[in-house]
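Chemist: According to my numbering, the stretch in the sequence shown is residues 153 to 456, in order.
Cβ atoms here follow ideal geometry from the backbone N, Cα and C, with glycine treated the same way.
Quick caveat: nothing in here was measured; it's all calculated off a predicted structure.
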Amino acid sequence: MSKATLADLRAFMIVAARRSFVQAAGELGVSRSALSHAMRGLESDLDARLLNRTTRSVSLTEAGERLLARLRPVLSDLDHALDDVARDDKALRGTLRINGSDGAIRQLLQTVVPRFLARYPQMELDLVSEGRFVDIVAEGFDAGVRLGEAVHKDMIAVRVSEDLRFLAVASPRYLRKHGWPAVPEELQTHRCIRQRLPSGKRYRWEFTRHGQEFTIDPPGVLTLDSNTLMLEAALDGLGIAYVPEPYARDALVRKRLVAVLSDWCPFIPGLFLYFPGNRHIPAGLRAFIDLLREFPDSESDASR
Numbered sequence: 153m154s155k156a157t158l159a160d161l162r163a164f165m166i167v168a169a170r171r172s173f174v175q176a177a178g179e180l181g182v183s184r185s186a187l188s189h190a191m192r193g194l195e196s197d198l199d200a201r202l203l204n205r206t207t208r209s210v211s212l213t214e215a216g217e218r219l220l221a222r223l224r225p226v227l228s229d230l231d232h233a234l235d236d237v238a239r240d241d242k243a244l245r246g247t248l249r250i251n252g253s254d255g256a257i258r259q260l261l262q263t264v265v266p267r268f269l270a271r272y273p274q275m276e277l278d279l280v281s282e283g284r285f286v287d288i289v290a291e292g293f294d295a296g297v298r299l300g301e302a303v304h305k306d307m308i309a310v311r312v313s314e315d316l317r318f319l320a321v322a323s324p325r326y327l328r329k330h331g332w333p334a335v336p337e338e339l340q341t342h343r344c345i346r347q348r349l350p351s352g353k354r355y356r357w358e359f360t361r362h363g364q365e366f367t368i369d370p371p372g373v374l375t376l377d378s379n380t381l382m383l384e385a386a387l388d389g390l391g392i393a394y395v396p397e398p399y400a401r402d403a404l405v406r407k408r409l410v411a412v413l414s415d416w417c418p419f420i421p422g423l424f425l426y427f428p429g430n431r432h433i434p435a436g437l438r439a440f441i442d443l444l445r446e447f448p449d450s451e452s453d454a455s456r
């Protein structure tokens with residue numbers, strides 16, 4: 153009888169999915185050498201070679217493919233059974249890690265997070281906000297939240313917000329002094345508050361109307377790396393900023409800012425929570441998604 157453990161079989165499935173010992177080890181929280189040793193032990197126990205290893209890649213042997221095909225439904229059924237017990241008991245435990253942009257994490261804090269923590273007091277949420285787009289699997293996150301256009305097509309995505317748009321905004325004081333641009337080209341004569349992306353590149357402003365598209369690297373003497381700081385600079389009359397509309401909504405309502413070129417600013421897909429479709433969904437993430445769907449801007453899952 154085989155001595156293979158459930159942990160070894162799960163580790164094998166992750167190696168098979170990632171095709172990389174480095175990525176699988178990072179996801180499991182173990183060293184690459186320990187994972188490699190465990191897989192050799194599994195192969196020895198089963199008396200079958202499961203993985204072809206090279207210095208750059210990992211692939212499945214025929215025996216490995218057969219084992220993977222049999223394991224998937226078995227472990228999936230086991231995970232679902234354990235999740236059902238945990239959720240019926242209303243005693244979800246553990247940590248749910250989610251990565252997203254600053255605006256995405258703010259959206260979660262204003263909507264689903266308070267309700268989730270109240271309903272599942274033994275769950276811990278670890279929310280990490282950062283500008284750079286990360287590999288959520290390689291960096292150990294359960295899910296990410298980003299604009300729909302940035303989510304990879306092989307992910308399962310759940311809507312977090314309504315569609316949104318980026319707006320060019322300026323203070324009334326700035327517009328009185330420098331004038332109001334009527335078309336995007338006229339931004340070339342204005343002071344624009346530019347944005348530095350995490351990659352180091354400057355963000356280009358994009359405008360569309362009636363099939364016409366216009367992209368500009370705006371002129372200006374001030375560059376910032378935060379939508380919040382860009383908004384504050386615009387409020388101080390330092391120039392025209394190009395920010396997601398939710399950031400500017402309050403200032404627009406209070407008339408502290410004015411939107412310019414709004415008919416050139418089309419809507420784009422809003423925020424989506426996303427996660428790999430080929431992995432088991434933890435009970436905590438399932439519960440988070442169920443609560444997320446209770447909000448009016450949320451929709452059902454969509455493969456991207």
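Quick check: what's the CA-CA separation for D453 versus R311?
Modeler: Any reading at D453 must be qualified, since the residue scores a pLDDT of 45, below 50, and its modelled position is unreliable; no value is offered.
Chemist: Exposed or buried, what is F419 when buried is set at 16 or more other beta-carbons lying within 10 Å of its beta-carbon?
Modeler: exposed
Chemist: Would DSSP call R184 helix, strand or coil?
Modeler: helix
Chemist: From E451 to R445, what does the alpha carbon distance come to, in whole angstroms?
Modeler: Residue placement at E451 is flagged as unreliable, the pLDDT there being 48, under the threshold of 50; the coordinate-derived value follows with that caveat. Cα-Cα distance, rounded: 6 Å.
Chemist: Where does the unbroken alpha helix (DSSP H) through P266 begin, and where does it stop?
Modeler: V264 to R271
Chemist: Is R311 near the ligand SAM, with its Cβ less than 8 Å from a heavy atom?
Modeler: Judged by which ligands are present, the structure shown has none, so any question about the ligand SAM falls away.
Chemist: List the DSSP bridge partners of C344.
Modeler: I392
Chemist: Tell me which same chain residues have a C-beta within less than 6 Å of the C-beta of D160, skipping the five on either side of it?
Modeler: Taken in chain order, the residues that qualify are A190 and L194.
Chemist: Indicate the three-state DSSP secondary structure (helix, strand or coil) for S211 in the structure shown.
Modeler: strand
Chemist: Measuring straight from C-alpha to C-alpha, what distance separates S323 and I288?
Modeler: One C-alpha to the other measures close to 38 Å.
Chemist: Can you name, in chain order, every residue of its own chain whose Cβ lies under 8 Å from the Cβ of E179, other than the five neighbours on each side?
Modeler: In chain order, I166, R170, V289, A290 and G292 place their CB closer than 8 Å to the CB of E179, counting only its own chain and leaving out the 5 sequence neighbours on each side.
Chemist: Can you say whether D241 is buried or exposed, counting buried as having 16 or more other CB atoms within 10 angstroms of its CB?
Modeler: A caution first: D241 carries a pLDDT of 46, below 50, which makes its placement in the model too unreliable to give a value.
Chemist: Which residue or residues does DSSP assign as beta-bridge partners of I250?
Modeler: L279 and A295
Chemist: Hey, L133 and P333 are a contact pair by Cβ (cut 8 Å); roughly how many whole angstroms apart?
Modeler: Given a span of 153 to 456 for the chain in the structure shown, any question on residue 133 remains unanswerable.
Chemist: Taking the beta carbon of H362 as the centre, do at least 16 other beta carbons fall within 10 Å, making it buried, or is it exposed?
Modeler: exposed
Chemist: Tell me the residue span of the beta strand (DSSP E) that contains V412.
Modeler: V410 to V412 is the extent of the beta strand (DSSP E) around V412.
Chemist: Does DSSP put T126 in a helix, a strand or coil?
Modeler: Outside the modelled stretch of the chain, which goes from 153 to 456, sits residue 126, for which no answer is possible.
Chemist: Could you pull out every residue in the same chain whose Cβ sits closer than 7 Å to the Cβ of T336, ignoring the five residues on either side in sequence?
Modeler: According to the sequence provided, residue 336 is Pro. The question's Thr does not apply to it. Only F359, F366, I368, L413 and W416 meet the Cβ criterion.
Chemist: Determine, using beta carbons only, whether I251 and G296 come nearer to each other than 9 Å.
Modeler: Here residue 251 turns out to be Asn, not Ile, going by the sequence shown. Contact: yes.
Chemist: So, for T213: in the same chain, excluding its five sequence neighbours on each side, which residues have a beta-carbon less than 7 Å away from its beta-carbon?
Modeler: R201, L202, L203 and N204
Chemist: Mind checking T263: buried by the 16 CB within 10 Å criterion, or exposed?
Modeler: buried
Chemist: Specify the secondary structure class of I288 as computed by DSSP and reduced to three states.
Modeler: coil
Chemist: Can you give me the C-alpha to C-alpha distance between R139 and V174, rounded to a whole angstrom?
Modeler: This structure does not reach residue 139, given that the chain is present from 153 up to 456, and the question cannot be answered.
Chemist: Relative to the C-alpha of R406, which candidate in G391, L387 and I441 has its C-alpha closest?
Modeler: The shortest Cα separation from R406 among G391, L387 and I441 belongs to L387.
Chemist: Determine the direct distance from the alpha carbon of Q340 to that of D278, and round the result to whole angstroms.
Modeler: 43 Å
Chemist: Could you give the distance in angstroms between the alpha-carbon of Q259 and the alpha-carbon of G216?
Modeler: Each residue's Cα considered, the two are about 43 Å apart.
Chemist: Which residues in the same chain have their Cβ closer than 8 Å to the Cβ of S209, if we skip the five residues on either side of it in sequence?
Modeler: R171 and S172
Chemist: For the alpha helix (DSSP H) that A439 lies in, which residues bound it at each end?
Modeler: Run containing A439: A435 to L444, per the alpha helix (DSSP H) assignment.
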